[in-house]
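All residue numbers for the sequence shown refer to my numbering, where the first residue is 499 and numbers rise by one.
Ideal placement from N, C-alpha and C gives every residue a C-beta, glycine not left out.
Predicted model, so just to flag it, every value in this text is computed and none were measured.
The structure appears right after this line, and notes come after that.
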Amino acid sequence: MKRLLILSGKGGTGKTTTAAALIRFSQTRAIADCDVDAPNLHLVAERRGKPEVTSFLGGDKAVIDPKKCTGCGTCQSHCRFSALIPCEGRFRVNEYACEGCGVCSYVCPSGAVTLEKDVAGRKELYLEDGVFSTAALKMGRGNSGKLVTEVKMAMLKHAPETELAVIDGSPGIGCPVIASISGMDLVLVVAEPSFSGISDLKRLVKTAENLQAKLAVCVNKWDVSPEHTEEIRQFCQEEQIPFVGQIPYDKSASEAINMGKTLADIDCPARNALQEIYQNVIKL
């Protein structure tokens, strides 16, 4: 089974739209959404049956036992994150502000504060007619790279016989992207034809190359700026990165997404371009 990862230098470039179309073209039975901070592949890629749901445990968070808390305020006076809040003569923890440093637990004279593993997200695994692995990280939580790895490994563990697995990765170059890239046979970067888009592309390419990943590049909405599209082509040629195609701006894209369909499901110029990109990717 070959593993294809779709990435972009930032959000909003059409990464998930491209991934959904390639999923439909390939008829793959192994899918993962590793954009755990804002998963949205499920909007256009069908999930079947009821999922196996498990909690994702992240870092530690402070927990106050209200029966032991005397309301002395020692914990609050030592918390540099302002995570302890007065409440009816005692204190409670603001889970979004707490960094789990443990100072409050150390200074509490009554032993009311402990550190416990935080439920930082939710993992979902759909196993009817293939596998769809996804997850959502709670707002303000860290450990996104660890969660990405768990999502990806769940897909690989339960994948049925299929020629291609498609993973929709996170935008940018951070920890979740690095976690997504490991073990992939090809990383397809969806680039934006703009000055900032080229900068984003170069940063992502450098990150992927440091991880010794095999790369390919396509451009979405190329006709919005043919000059920048040509600059991306030249960059790929200089770096010896395969340029696998360009997708025109197509109003059908938003219409298809609003109907819960992929661009592979409708007859439009963008579909034809994505079909060509898919064929070029399979050759690689």
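Non-local beta-carbon contacts of A706 in its own chain, meaning distances under 7 Å to residues more than five positions away in sequence, involve I679, V685, L713 in chain order.
Boundaries around T515 are those of the alpha helix (DSSP H), 513-524, since no beta strand (DSSP E) includes it.
Contact holds between the stretch 608-615 and the stretch 552-564, because three or more Cβ pairs, one in each stretch, are under 8 Å apart. In the DSSP assignment, D616 is bridged to no other residue. By the C-beta criterion, the stretch 761-769 is judged not to be in contact with the stretch 724-743, since fewer than 3 inter-stretch pairs fall below 8 Å.
Burial is judged here by how many other beta carbons sit within 10 angstroms of a residue's own beta carbon; F693 has fewer than 16 and is exposed. For M682, the number of other beta carbons within 10 angstroms of its own is at least 16, and it is reported as buried.
By the neighbour-count definition (other C-beta atoms within 10 Å, threshold 16), P658 is an exposed residue. Within 10 angstroms of the beta-carbon of P724 lie fewer than 16 other beta-carbons, which makes it exposed. According to the DSSP secondary-structure assignment, G743 is paired through a beta bridge with C716. For V629, the enclosing beta strand (DSSP E) begins and ends at 629-635.
Here the stretch 621-634 does not lie against the stretch 581-599, with fewer than 3 beta-carbon pairs under 8 Å apart.
Contact annotation: G667 and C567 have beta-carbon atoms that are not nearer than 8 Å. Taking the CA atoms as reference points, K719 sits about 33 Å from E648. No Cβ-Cβ contact shorter than 8 Å links V688 with T526. In this structure, F630 is the residue among A530, F630, L503, L539 with its C-alpha nearest to the C-alpha of G547.
Looking at the DSSP output, S553 bridges to R620. Annotation: C716 to E774 spans about 11 Å, alpha carbon to alpha carbon. Our two residues, M757 and A519, have alpha carbons roughly 14 Å apart in a direct line.
Proximity to C599 across C577, V617, F554 peaks at C577, based on C-alpha coordinates. A direct Cα-Cα distance of roughly 12 Å separates A663 from A652.
By a beta-carbon distance limit of 8 Å, V534 does not contact L699. Their separation comes to about 23 Å.
Taking all protein chains shown into account, Y776 has 16 or more neighbouring C-beta atoms within 10 Å of its C-beta and is therefore buried.
Ranked by Cα distance from E597, the first of N641, F554, R620, L623 is N641.
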